[in-house]
Amino acid sequence: MLTALKSSGMVPERVTIVVGTDFNLTEPAGLQLLRRGGVRLLRFSGKQTFHPKVYLFETYDGYELLLGSANLSRSAFFLNIEAVMRLIFARRSDVAADVLALLKGLKRRSVPWTAKSIDRYEKNWHQARPIQARGDKTVSAYLRDREIYKPLPAN
């Protein structure tokens, strides 16, 4: 992703990415690479599960927004079948104001990733690998037993 940012002419130091670590699916090697490359990385620290996949790019005369199911992971961008919608809108539009307000709120509820915090996360990530490899049903049960994940009640 860092290579793609640089080859597109984007300056990594002007890129901010808010990342959630719910269910330990975010790849720590990718976090380290982006952080070392100059990208401003933030970890969502709110109480809710962080699930949005919103990628906003500022263009000469407005914004491009990618909104969809693609996580910030190798599998999402290169292996999975994902659904992503591309929206283009003017800088001075209601859509721009709403999206920027949403992102500002996410940033306010986030903390910077450091090399140390990524190392701590990586330990959790490695511990979760064998559990995740057993399948979603087992992962959900594991998380539910530890009160990390509480499914919504059935209608």
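Quick note on the working numbering: the sequence shown kicks off at 94 and runs consecutively. Just so it is clear, CB atoms sit at the ideal spot from N, CA and C, and this is done for glycine as well. In this text the structure is predicted, and so the values were computed from the model without any measurement.
* Residue range of the unbroken alpha helix (DSSP H) whose run includes Arg167 -> The residue labelled residue 167 in the question sits at position 74 within the sequence shown. Segment Arg167 to Phe171, the alpha helix (DSSP H) holding Arg167.
* **Identity of the residues DSSP links to Leu180 by a beta bridge** => Counted from its first residue, the sequence shown places residue 180 at position 87. BP columns for Leu180 point to Leu158.
* Asked: Which term fits Asn117, buried or exposed, when burial requires 16 or more other beta carbons within 10 angstroms of its beta carbon?
  -> Working through the sequence shown from its first residue, we reach residue 117 at position 24. Burial call: buried.
* Identity of the residue in Gly113, Ala176 and Val192 nearest Glu151 by Cα -> Taking the first residue of the sequence shown as 1, we reach residue 151 at position 58. It is Val192.
* Asked: Straight-line CA distance for Arg201 to Ala183?
  -> The count along the sequence shown starts at 1 and reaches residue 201 at position 108. The count along the sequence shown starts at 1 and reaches residue 183 at position 90. Distance from the CA of Arg201 to the CA of Ala183, rounded to the nearest whole angstrom, comes to 24 Å.
* To do: Would you mind sorting Ile211 into buried or exposed? The rule is 16 or more other CB atoms within 10 Å of its CB.
  => As a position in the sequence shown, residue 211 is number 118, starting the count at 1. Result: buried.
* Buried or exposed for Thr96, please, with buried defined as at least 16 other CB atoms from any protein chain shown within 10 angstroms of its CB. => Along the sequence shown, one-based indexing puts residue 96 at 3. Thr96 comes out exposed.
* To do: Note down the Cα distance separating Ile181 from Arg107, rounded to an integer number of angstroms.
  => For the purposes of this step, residue 181 is taken as the residue at position 88 of the sequence shown. For the purposes of this step, residue 107 is taken as the residue at position 14 of the sequence shown. Spanning the alpha carbons of Ile181 and Arg107 requires a straight line of approximately 20 Å.
* **Through-space distance from Ala163 to Asn173, alpha-carbon basis** => Within the sequence shown, numbered from 1, the residue matching residue 173 stands at position 80. Within the sequence shown, numbered from 1, the residue matching residue 163 stands at position 70. One C-alpha to the other measures close to 8 Å.
* Would you tell me roughly how many angstroms separate the C-alpha atoms of Ser138 and Gly198, rounded to the nearest one? => Walking along the sequence shown from the start, residue 138 turns up at place 45. Walking along the sequence shown from the start, residue 198 turns up at place 105. Roughly 12 Å between the two C-alpha positions.
* **Opposing strand residues paired with Val192 [DSSP bridges]** => Looking up residue 192 in the sequence shown gives position 99. Residue pairing by DSSP leaves Val192 without any beta bridge partner.
* **Helix, strand or coil at Ser138 [DSSP, three-state]** => By 1-based counting over the sequence shown, the position of residue 138 is 45. Note: Ser138 maps to coil in three-state DSSP.
* Is the distance from the Cβ of Val204 to the Cβ of Arg128 below 8 Å? -> Numbered from its first residue, the sequence shown carries residue 204 at position 111. Numbered from its first residue, the sequence shown carries residue 128 at position 35. No, they are not a contact pair.
* Asked: Exposed or buried, Val147, counting other C-beta atoms within 10 Å across all chains shown (16 or more means buried)?
  -> On the sequence shown, position 54 is the one that residue 147 refers to. Taking all protein chains shown into account, Val147 has fewer than 16 neighbouring C-beta atoms within 10 Å of its C-beta and is therefore exposed.
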